[in-house]
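Notes follow the structure.
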Ligand SMILES: Nc1ncnc2c1ncn2[C@@H]1O[C@H](COP(=O)(O)OP(=O)(O)OP(=O)(O)O)[C@@H](O)[C@H]1O
Ligand SMILES: [Mg+2]
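Residue numbers (the working numbering): 20 to 283.
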């Protein structure tokens with residue numbers, strides 16, 4: 020059985036792709052089965068996983084969606100199998116969204132058909148909410164990971180994120196900066212509003228993130244020991260606990276009480 024983890028945010032540039040790529044690379048580094056599905060027409064996450072060229076075809080490419088996912092699954096230098104968005108256009112994105120909305124089990128069915136190893140965690144990168152595809156992918160997920168940038172925009176849009184995900188989002192603060200009192204105040208407000216749904220890990224603002232992106236390498240490979248790399252290690256441990264099947268009853272059951280077991 021696959022575990023579907025959808026990464027969302029209501030703020031643009033929140034760090035969804037960054038968190039998705041580095042978390043996936045960290046899991047792959049630890050030899051845990053993982054894959055990334057890109058449901059963002061920007062079609063750019065491949066670069067964060069080490070691909071040098073833009074993926075021409077992917078799940079959002081006209082003529083591919085919703086069939087033929089096996090044909091677009093590709094390996095990446097970071098060891099993370101990737102289903103890229105591929106080149107696309109507005110009508111194709113709209114019809115993909117319509118398909119997902121009408122066929123709520125379709126996403127999981129397509130992923131199951133790929134024959135990925137049992138227990139594979141599939142991390143789904145999305146477009147900024149509100150977005151039909153992101154919302155459908157969140158509804159289908161075992162765990163919804165909301166990235167909340169610790170900025171005024173992040174704080175202002177946090178309520179929208181919580182509403183859009185029907186209260187299911189586990190939120191990780193990103194871009195925290197301990198040396199800024201404004202940032203500390205915003206983090207406090209975000210935590211107060213999120214309560215138990217705030218993941219007990221934060222990701223610091225760190226130049227290593229931009230450097231890793233520029234080099235097309237993950238933090239675990241390019242900047243091990245950096246603050247952001249350590250934050251991703253902690254986030255991965257949290258995710259392992261939050262999505263570990265506990266009693267053989269299956270991932271869905273295990274993740275139903277994810278909040279209770281996620282270190283709270
Ligand atoms: N913790 C961090 N420290 C420093 N820079 C970061 C951090 N997180 C993200 N960034 C930078 O912020 C920018 C936006 O990040 P990213 O592309 O992951 O966000 P996104 O939510 O996927 O954005 P989009 O709305 O464009 O899809 C990138 O340049 C990235 O390198
Ligand atoms: Mg992105």
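Here a beta-carbon is modelled for each residue, glycine too, at the ideal position from N, C-alpha and C.
By the CB criterion at 8 angstroms, residue 57 and residue 122 fall outside the cutoff. Exclusion of residue 24 from the 7 angstroms shell around ligand 1 follows from its C-beta lying no nearer than that to any non-hydrogen atom of the ligand. If you draw a straight line from the Cα of residue 42 to the Cα of residue 253, it comes to about 10 angstroms. Relative to ligand 1, the beta carbon of residue 61 is positioned inside 7 angstroms of a heavy atom. In terms of CA proximity to residue 51, 100 leads the group 79, 60 and 100. Taken through DSSP and simplified to helix, strand or coil, residue 255 comes out as helix.
Between residue 68 and residue 107, the CB-CB gap reaches or exceeds 8 angstroms. CA-CA distance, residue 147 to residue 157, rounds to 12 angstroms. Contact between residue 258 and residue 248 is ruled out by a C-beta separation of about 15 angstroms, above the 8 angstroms threshold. Within the segment 186-217, the complete alpha helix (DSSP H) segments of 4 residues or longer fall at 200-213, listed in chain order.
Taking the Cα of residue 250 as reference, the smallest distance to any Cα among 260, 235, 229 and 225 is reached at 225.
By the criterion of a C-beta distance shorter than 7 angstroms, residue 92 is surrounded in its chain by 100, 102 and 133, once the five residues flanking it on both sides are discounted. When secondary structure is reduced to three states using DSSP, residue 165 falls in the strand class. For residue 29, the shortest separation between its Cβ and any heavy atom of ligand 2 does not lie below 7 angstroms. Residue 120 sits in a helix when the DSSP states are folded into three classes. The DSSP-derived three-state label of residue 93 is strand. Per DSSP, the unbroken beta strand (DSSP E) holding residue 22 starts and ends at 22-27. Look at residue 144: its beta carbon is less than 7 angstroms from one of the heavy atoms in ligand 2. Per DSSP, reduced to three states, the secondary structure at residue 127 is helical. For residue 35, the shortest C-beta to heavy atom distance toward ligand 2 is below 7 angstroms.
Taking a cut-off of 8 angstroms for Cβ pairs, the segment 159-174 and the segment 27-43 touch, as three or more such pairs fall below it. Ranked by how close their Cα comes to the Cα of residue 23, the residues 61, 135 and 83 have 135 in first place. Taking the Cα positions, residue 202 is about 40 angstroms away from residue 114.
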